[in-house]
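Residue 564 is where the sequence shown starts when you use my numbering, and the numbers rise one by one after that.
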Amino acid sequence: PEAVSAIKDGAADFLEKPFPQETLIIRVQKLFESRKLRTENHNLKRELGSKFQFDRIIGRSNCMMQVLESLQMVAPTKATVLITGDSGTGKELIARALHENSSRRTGPFIKVNCAAMPATLMESELFGHEKGAFTGAIKTVEGRFALANSGTLLLDEISEMSIGMQAKLLRVLQEREFEKLGGRDTIKIDIRIVATTNRDLAKEIKEGNFREDLFHRLNVCPIHLPSLSERLDDVPVLVNHFVNLYSAEYN
């Protein structure tokens with residue numbers, strides 16, 4: 564009970580008597596290493612700092628430093644960004660960081676999951692529709708493009724979008740305008756497009772699954788996220804982060 568109470572009051576560890584001197588040395592060394600990791604991560608965030616808020620991105624490896632440097636350069640611009648990387652590498656987290664560190668941070672951040680949406684609904688979802696545009700259209704609905712106006716639109720897993728829909732998206736990227744389904748009015752938009760994919764788009768283009776012209780429109784500022792196996796230096800930092808996070812969350 565005393566040990567549990569001490570931990571709750573802020574002690575980092577405890578030993579039961581009697582204990583070998585080697586055990587004490589090992590425990591203290593581990594605590595110093597843990598504190599060093601926390602200090603390094605804190606200093607890194609402070610350096611990235613006052614101007615850029617990347618506090619939810621955990622990492623100190625060289626490849627993650629390159630990602631953060633890219634974010635610093637790209638975030639303040641209006642450029643379209645294509646984020647590539649395996650599933651689970653944090654593509655949406657990077658997309659949100661781009662938005663939150665841009666001049667559009669006060670505008671909406673709208674996400675479209677292209678992998679989860681049936682092709683038959685995608686056009687209506689993106690462009691919206693007028694009442695009576697199709698069977699079941701009982702009211703006028705704003706699409707994601709309109710909802711994202713003055714903000715950022717994330718097209719998540721863009722490689723899952725059908726070829727036909729890719730052609731319509733290309734027009735919007737070129738002209739920055741669209742029409743609702745069943746509508747006649749042309750709607751102008753001012754949005755930033757961020758797209759993500761876990762596929763090799765060069766291979767998808769060769770196989771006829773992705774339009775090359777759309778790829779070049781999206782790939783203005785590419786950011787590639789390394790897998791965890793490529794950033795092993797970050798494992799201790801991530802472990803420390805999640806131990807602290809869930810210790811607090813679950814008391």
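Glycine included, every Cβ here is placed at the ideal spot set by N, Cα and C.
Legend entry - Contact check, Glu-720 vs Asn-761, beta carbons under 8 Å: For Glu-720 and Asn-761, yes; Cβs fall inside 8 Å.
Inset, instruction - Could you tell me whether the segment 617-630 touches the segment 772-780, using the rule of 3 or more Cβ pairs below 8 Å? - result: By the C-beta criterion, the segment 617-630 is judged not to be in contact with the segment 772-780, since fewer than 3 inter-stretch pairs fall below 8 Å.
Inset, instruction - Determine the contact status of Gly-745 and Gly-695, defining contact as a CB-CB distance below 8 Å. - result: yes
Inset, instruction - With DSSP as the reference, label Pro-583 as helix, strand or coil. - result: coil
Inset, instruction - Alpha carbon to alpha carbon, how far is Phe-773 from Asp-748? Give it in angstroms, no decimals. - result: Asp-748 and Phe-773 have their C-alpha atoms roughly 29 Å apart.
Legend entry - Reference Lys-743; option with closest CA among Arg-755, Lys-702 and Leu-717: Lys-702
Inset, instruction - At 4 residues or longer, and completely inside the segment 690-769: list those alpha helix (DSSP H) runs for me, N to C. - result: 707-710, 726-738 and 764-769
Inset, instruction - Please list, in chain order, all residues of the same chain as Val-704 whose beta carbon is under 6 Å from its beta carbon, the five residues on each side excluded. - result: Closer than 6 Å at Cβ, skipping near neighbours: Gly-691 and His-692.
Inset, instruction - Would you kindly report the start and end of the unbroken beta strand (DSSP E) that includes Phe-672? - result: 672-676 is the extent of the beta strand (DSSP E) around Phe-672.
Inset, instruction - May I ask you to list the residues that DSSP assigns as paired with Thr-647? - result: Thr-760 and His-787
Inset, instruction - Keeping to the same chain, check which residues put their C-beta closer than 6 Å to that of Lys-751; ignore five residues upstream and five downstream. - result: The residues are Glu-740.
Inset, instruction - For Ala-575, I'd like the list of residues in its chain whose CB is within less than 6 Å of its CB, leaving aside the five on either flank, ordered along the chain. - result: Once the five neighbours on either side are set aside, the close Cβ partners of Ala-575 are Leu-594.
Inset, instruction - Could you spell out the range, first to last residue, of the alpha helix (DSSP H) harbouring Tyr-809? - result: 798-812
Legend entry - Same chain, Cβ closer than 8 Å to Leu-656, neighbours up to 5 away in sequence not counted: If we look at Leu-656 and ignore the five residues flanking it on each side, its Cβ neighbours are Arg-619 and Ile-620.
Inset, instruction - Please name the residue in Cys-784, Gly-573, Arg-659 and Arg-601 whose C-alpha comes closest to that of Thr-643. - result: With distances taken between Cα atoms, Thr-643 lies closest to Cys-784.
Inset, instruction - Decide if Thr-759 is buried, meaning its Cβ has at least 16 other Cβ atoms within 10 Å, or exposed. - result: buried
Inset, instruction - Use the C-beta contact count for Phe-651: other C-beta atoms within 10 angstroms, 16 or more gives buried, fewer gives exposed. - result: Correcting the residue type first, residue 651 is Gly in the shown sequence and not Phe. It counts as exposed.
Inset, instruction - For Val-735, I'd like the list of residues in its chain whose CB is within less than 7 Å of its CB, leaving aside the five on either flank, ordered along the chain. - result: Phe-708 and Phe-741
Inset, instruction - Check the C-beta distance from Glu-723 over to Ala-678 and give it rounded, since I have them as a contact under 8 Å. - result: 4 Å
Legend entry - Assigned secondary structure, Phe-595 (DSSP; H/G/I helix, E/B strand, else coil): helix
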